[in-house]
Amino acid sequence: MRILETENYEEMSVLAARIIGAQVLLKPDCILGLATGSSPIGAYQELVRNYQKGLLDFSGVRTVNLDEYCGLAPENPNSYRHFMDENLFDKINIKKVNTFLPDGMAQNPEQESARYEALVTSLGGADLQLLGIGRNGHIGFNEPCDHFPKDTHPVALTQSTIEANSRLFERKEDVPSKAITMGVGTIMKADKILLIAGKEKKEIIEEALFGKVTPQVPASVLQLHKDVTVIICKS
Ligand code: GLP
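Just so you know, we're using our numbering here: the sequence shown kicks off at 6 and counts up by one.
This is the structure in structure tokens:
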């Protein structure tokens, strides 16, 4: 595991974008595993800048996102599909048909989860999976529990995650209580993992990277992955 510390969010974003950009340069038809939340926004902006400078070509890239809220249509500004379109996909030359997220509007979330898991498997898993981390150590929406969920599955969000994510919604009541997320096994299938975290995640990062490997801290499973880079910012 490589742990890199940057002075601030901007430096973290530039560094993360360099690593993602390097993956795209090395393998123009790579599978990028992508994440939502505040942590990756700066990295996506930097990728867009690099694309605009002509340094990156996304025409052969396919993407799989970690998760999606249940009950939010793609047009809903709070859906993760909308987030990805707005922050990245609409600003680069990726083919929209090559960008995948679970369908939050699926009638049957169990079936949708199985479909998404099969899709990720058929793509051979991500070459590089970008991750943020929740304050309770969740990755994707794998919340603390008594086992590591293996495959993509529907999940009930914890109160702390609903609280944390409510800042992005107009009203707390609008935060969905359910989501579909890649499982910990799906995430661990990635060849390489890049975890980025702001200074407010320092404590949980320490617990996850240096504490006991336990499903009570889902990100602790990353200690068992062969190729993890973590970027933390100091301020
Ligand atoms: C959400 C996402 C996670 C993300 C987490 C942290 O719950 N499902 O994938 O890592 O938020 O987000 P932020 O980077 O905004 O702190």
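Note that beta-carbon positions come from the ideal geometry of N, C-alpha and C, so glycine has one too.
Computed from a prediction, not measured in an experiment: that's the story for all the values here.
Measuring straight from C-alpha to C-alpha, what distance separates K96 and E73? 21 Å
Along the chain, where does the beta strand (DSSP E) containing L200 start, and where does it finish? K197 to A202
How about the stretch 101–114 and the stretch 14–26: do they share at least three Cβ pairs that are nearer than 8 Å? no
Should N147 and V189 be called a contact, given that it needs their Cβ atoms to be closer than 7 Å? yes
Do G137 and A48 have their C-beta atoms closer together than 7 Å? no
Enumerate in chain order the residues of its own chain whose CB-to-CB distance from P33 is below 6 Å, with the five nearest sequence positions on each side excluded. G65
Pairwise C-alpha distance: L60 and C150: 42 Å
At what residues does the beta strand (DSSP E) containing K183 begin and finish? K183 to T186
What does the alpha-carbon distance come out to for the pair H87 and I192? 22 Å
Start and end residues, beta strand (DSSP E) containing V29: From DSSP, V29 is part of no beta strand (DSSP E) but of the alpha helix (DSSP H) over Y14 to L31.
For review: beta carbons within less than 6 Å of any heavy atom in ligand 1: A40, T41, G42, S43, S44, L71, D72, G137, I138, G139, G145, F146, T166 and N170
Let me check one thing: in DSSP terms, what residues is Q228 bridge-paired to? None, per the DSSP bridge assignment.
Mark H143 as exposed unless 16 or more other C-beta atoms lie within 10 angstroms of its C-beta, in which case mark it buried. buried
Less than 7 Å between the C-beta atoms of V160 and A184, yes or no? yes
Opening and closing residue of the alpha helix (DSSP H) in which R7 lies: From DSSP, R7 is part of no alpha helix (DSSP H) but of the beta strand (DSSP E) over R7 to T11.
Look up G190 in the DSSP assignment and say whether it is helix, strand or coil. helix
Residues in the same chain with beta-carbon distance under 6 Å from R67, minus the five sequence neighbours each way, listed in chain order, please. I36 and N103
Where does the unbroken beta strand (DSSP E) through I236 begin, and where does it stop? V233 to C238
Which whole-angstrom value describes the C-beta separation of C238 and E51, a residue pair presumed to lie in contact below a C-beta threshold of 8 Å? That belief does not hold up - the Cβ atoms of C238 and E51 are roughly 14 Å apart, past 8 Å.
Please confirm whether T157 and Y121 have their CB atoms less than 7 Å apart. yes
Check whether the Cβ atoms of I236 and L9 sit closer than 7 Å, and answer yes or no. yes
Where do the ends of the beta strand (DSSP E) carrying N70 lie? R67 to N70
Cβ-Cβ distance between A224 and A213 below 7 Å: yes
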